[in-house]
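So for the sequence shown, the working numbering puts the first residue at 98; every next one is plus one.
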Amino acid sequence: MSHLIVHQFPCLNDNYGFLLHAPETGETAAIDTPEVAPILRELEDKGWTLTHILNTHHHFDHAGGNQELKTRTGCTIIGPKDEADKIPGIDRAVGDGDEVLFGGQSARVIGVPGHTAGHIAYHFGSQNLAFVGDTLFALGCGRLFEGTPAQMWTSLQKLIALPDETVVYCAHEYTQANARFALSVEPDNDALHERARQIDEKRRKGQPTVPTTIGLEKSTNPFLRPSSGDLQRTIGLEGADLVDVFAKTRALKDNF
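This is how it looks when you write it as structure tokens:
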């Protein structure tokens, strides 16, 4: 089976750019467009031609480079249908359950509202790859700018349901700060303590902590763990509804 290549590189202050390349067809997609110059530089460095942009949501650090890249390359822009009016240059609007064909592979679109009202993720099941934008971070989740805690928890459950080995590409290097918060709300999680040590070591060496995996997040990310007794005890919501536990965890992070 053909294999897609993911090339990751830093953009802006703490964003990551991702180029998804299909060697067999020569197609290359930018997952969001945080910054034009690095994307063009990496394309040139790799000798790849941009054919697609796959947008996850409308925020400027995800769609701000769309128009310039489309003008320069003629690429096709695919993005969330519930934010189509906010996605510059959009050619195809997709929503939950739709399929996106790229490089001979199929990505399932997963509707994951919460951070924004129409946020989507792309899951290449045959490749065990997921591009989740700002919905799920390594040890974190996106702020609820346009959605409710119930919406976001529903969205995160869709990602939790993916296979544990799914490699998750999230859009920001927030992990070290996320780890400090995670330890404050789930202090007895041994796996989390070990992961925090590994994260500190990676950042000391200037290495990225992205990508992550669904399995790793399920065992250490407090936003995927509202059923944890340790977390519930620490935040004073033992036995509470999971949406309420998630909502309080998110509120505590907002003020951490």
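Every residue, glycine too, gets a C-beta built ideally from N, C-alpha and C. Given the structure is predicted, the values throughout are model-derived calculations rather than measurements.
Pro246 vs Val282 beta-carbon contact at 8 Å: no
Buried or exposed (CB count within 10 angstroms, at least 16 for buried), Leu198: exposed
DSSP state of Gly237 mapped onto helix, strand, coil: strand
Nearest candidate by alpha-carbon position, reference Leu289, set Leu233, Lys345, Gln273 and Thr146: Gln273
C-beta neighbour in chain B for Tyr266, strict 8 Å: Going by chain labels, chain B is absent from the structure shown, which holds only one protein chain.
Beta-carbon separation (whole angstroms), Glu139 vs His100, contact threshold 8 Å: That pair is no contact at about 19 Å.
Classification of Lys302 by the beta-carbon crowding that lies within 10 angstroms, buried from 16 upward: exposed
Proximity of Gly213 and Glu270 at Cβ, strictly below 8 Å: Looking at the sequence shown, residue 213 is not Gly but Thr. Contact flag unset, no.
Contact check, Gly162 vs Pro131, beta carbons under 8 Å: yes
For Phe353 and Gly201, the rounded distance between their alpha carbons: 44 Å
First through last residue of the beta strand (DSSP E) which encompasses Pro107: Ile102 to Cys108
Rounded separation between Leu226 and Thr309 - CA only: 10 Å
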